[in-house]
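> Handing you this structure, nothing more for now.
Number of protein chains: 2
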Amino acid sequence: MTFQLYGNLGSGNVLKVKYLADALGLPFTLHEIASRSGATQTPEFLKLNPAGQMPVVVLEDGRPLAQSNAILRYFAQGTRFLPNNRYEAAKVDEWLFWEQYSHEPTVAVARARVVYDGQKVSELDPSLVARANKALDLMEGALAGRSFLVGDSLTIADIALLAYTRQAPQAGFDLSTRPAILQWIAGCENELGLPAHTAENRGIGHG
Amino acid sequence: MTFQLYGNLGSGNVLKVKYLADALGLPFTLHEIASRSGATQTPEFLKLNPAGQMPVVVLEDGRPLAQSNAILRYFAQGTRFLPNNRYEAAKVDEWLFWEQYSHEPTVAVARARVVYDGQKVSELDPSLVARANKALDLMEGALAGRSFLVGDSLTIADIALLAYTRQAPQAGFDLSTRPAILQWIAGCENELGLPAHTAENRGIGHG
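Residue numbers (our numbering), protein chains in the order written: chain A, 1 to 207; chain B, 1 to 207.
As structure tokens, then:
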């Protein structure tokens with residue numbers, strides 16, 4: 001099985017697909033799409049994903065699939081990254097939906113405003129910062145005393161949350177006050193063979 | 001199998017769980033939680049769902065599950081409402097994630113501002129209205145020439161989108177200009193045994 005990946009690895013939503021594909025040893029071809037270039041709004045791209053968002057994957061048989069977490073679920077099926085146990089699988093889903101509703105629209109949006117729009121951390125919308133901190137605090141609470149979000153091993157719930165949580169310091173969010181998250185990041189990096197999150201990346205800022 | 005449902009049927013996210021449970025003949029006990037009452041922020045409720053959102057279900061063995069679409073996936077597993085085909089199941093997931101990212105935060109939020117906050121339709125944030133209309137237009141395009149969102153029969157993708165789409169006219173969104181959506185609503189109502197969406201409900205407004 002191989003696939004085509006349309007997107008930009010600067011996007012956490014795209015990065016999660018790469019994390020899983022690499023962990024599974026699934027080869028893919030990356031079709032680079034510049035962020036904020038309008039390239040996701042062309043008629044060609046909209047045929048793959050009418051929502052005009054990356055990532056999109058195109059499977060070997062030519063059929064497209066969009067929505068990063070739907071892609072994770074598709075590739076993880078039957079692997080160690082998605083529990084067989086029905087309740088545990090549902091808890092993975094709970095995290096995946098929470099990520100897209102409460103984490104990505106806050107943590108990732110704040111980061112995009114800084115990284116892509118050039119906003120200063122100190123000028124970010126305080127309500128956005130508060131909601132992002134609330135999401136990070138929820139993760140910190142959930143990870144206290146645990147290695148991974150669901151069960152005893154890394155699942156796509158961790159993969160889905162990892163990308164933007166690692167990038168959170170770029171928008172001034174302080175992970176150094178969130179030891180459970182830092183330990184979890186290190187554990188995920190270890191499992192996925194990623195380079196270690198550096199101290200400089202941890203940032204200081206909104207707390 | 002029976003379960004406890006914590007939530008308010010005025011919320012589309014809660015209503016979707018009821019739609020599926022009723023269709024499957026799953027008995028449940030509804031624990032009514034008033035919207036905007038703070039009842040989802042009590043220590044007791046946060047133990048069930050640290051995100052402080054409804055719905056939450058508590059399964060027969062006492063274990064909780066949150067996130068409406070995770071709940072739909074859990075109960076739909078192995079039933080006619082979730083395709084066996086791996087690609088079709090992934091397309092269902094694509095719609096579920098799209099719903100929580102692009103439809104609920106626009107269509108449902110606009111409706112909540114009118115229904116709960118007493119905002120006038122004409123005073124809604126134009127950017128919110130534009131994004132909601134874009135979501136409804138995407139559905140209209142996807143449903144043209146089809147009876148249901150994925151495959152040939154009703155799935156939880158339809159159930160997830162039905163609740164807030166039916167309520168869209170309450171926030172002034174005009175479904176009368178979206179014939180594919182209207183026909184799809186009627187088809188879903190028929191499949192689910194719901195009372196027909198009335199002409200008065202269709203509303204006129206933002207187009």
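Ideal placement from N, C-alpha and C gives every residue a C-beta, glycine not left out.
Since the model is a prediction, treat every value here as computed from it, not as a measurement.
1) At the 8 Å Cβ level, is A/Pro50 part of the contact set with chain B, yes or no?
2) Below 8 Å on C-beta distance, what does B/Asn69 contact in chain A?
3) Would you tell me roughly how many angstroms separate the C-alpha atoms of B/Pro83 and A/Val56, rounded to the nearest one?
4) List, in order along the chain, the chain B residues whose C-beta lies closer than 8 Å to that of A/Leu65?
5) On the DSSP bridge assignment, give the partners of B/Pro64 in chain order.
6) Would you kindly work out how many angstroms separate the C-alpha atoms of B/Gln41 and A/His31, rounded to a whole number?
7) Which runs of the alpha helix (DSSP H) spanning at least 4 residues fall entirely within the region 108–192 of chain B, listed in chain order?
8) Hey, is the region 84–96 of chain A in contact with the region 174–184 of chain A, meaning 3+ C-beta pairs nearer than 8 Å?
9) From the DSSP output, in three-state form, read off B/Thr29 for me.
10) Quick one: which chain B residues come within Cβ less than 9 Å of A/Gly145?
11) Is the beta carbon of B/Ala23 less than 8 Å from the beta carbon of B/Leu192?
12) Give the straight-line distance between the Cα atoms of B/Gly187 and A/Tyr116, rounded to the nearest whole angstrom.
13) Would a check of beta-carbon distances place B/Leu194 closer than 8 Å to chain A?
14) Can you tell me whether B/Ser102 is buried or exposed? The criterion is at least 16 other CB atoms within 10 Å of its CB, across all chains shown.
15) If distances are taken between C-alpha atoms only, which option among A/Lys134, A/Arg63 and A/Leu194 comes closest to A/Leu48?
16) Tell me where the beta strand (DSSP E) around B/Phe3 begins and ends.
17) To the nearest angstrom, how far is the alpha carbon of B/Ala112 from that of A/Lys134?
18) Counting Cβ pairs, one atom from each stretch, are 3 or more of them under 8 Å apart for the region 4–11 of chain B and the region 72–83 of chain B?
19) Count the other CB atoms within 10 Å of the CB of B/Met54; is the residue buried (16 or more) or exposed (fewer)?
20) Relative to the ligand FMN, is the shortest distance from any of its heavy atoms to the C-beta of B/Glu88 smaller than 7 Å?
21) Report the rounded CA-to-CA distance for A/Leu124 versus B/Gly78, giving the unit in angstroms.
22) Taking the alpha-carbon of B/Ala34 as reference, which of B/Val14, B/Met139, B/Ile159 and B/Gly145 has the nearest alpha-carbon?
23) For A/Leu9, decide whether its Cβ has a neighbour in chain B, counting only Cβ atoms nearer than 8 Å.
On the basis of the data shown:
1) Yes, because at least one Cβ of chain B sits closer than 8 Å to the Cβ of A/Pro50.
2) Within chain A, the residues near B/Asn69 are Asp93 and Phe97.
3) Their backbone Cα atoms lie some 21 Å apart in a straight line.
4) Residues of chain B passing the Cβ test: Tyr87, Ala90, Lys91 and Glu94.
5) For B/Pro64, which the question treats as bridged, DSSP gives the partners B/Val58.
6) C-alpha separation (whole angstroms): 44 Å.
7) The alpha helix (DSSP H) runs of length 4 or more contained entirely in the region 108–192 of chain B are, from start to end of the chain, 109–115, 126–143, 156–167 and 179–192.
8) No contact exists between the region 84–96 of chain A and the region 174–184 of chain A.
9) For B/Thr29, the secondary structure class from DSSP, reduced to helix, strand or coil, is strand.
10) Within chain B, no residue comes near A/Gly145; the closest Cβ sits about 14 Å away, beyond 9 Å.
11) Cβ distance < 8 Å, so B/Ala23 and B/Leu192 count as in contact.
12) Distance between the alpha carbons of B/Gly187 and A/Tyr116 is about 44 Å.
13) Not an interface residue.
14) B/Ser102 comes out buried.
15) For A/Leu48, the nearest C-alpha among the options comes from A/Arg63.
16) Judged by DSSP secondary structure, B/Phe3 falls within the beta strand (DSSP E) whose first and last residues are Phe3 to Gly7.
17) The straight-line gap from Cα to Cα measures roughly 22 Å.
18) Verdict: no, contact absent.
19) A buried status is given to B/Met54, since no fewer than 16 other beta-carbon atoms sit within 10 Å of its beta-carbon.
20) As for the ligand FMN, it is missing from this structure, which has no ligand bound.
21) Cα to Cα, A/Leu124 sits roughly 45 Å from B/Gly78.
22) Here the closest residue by C-alpha is B/Val14.
23) Between A/Leu9 and chain B, the shortest Cβ-Cβ separation is not below 8 Å.
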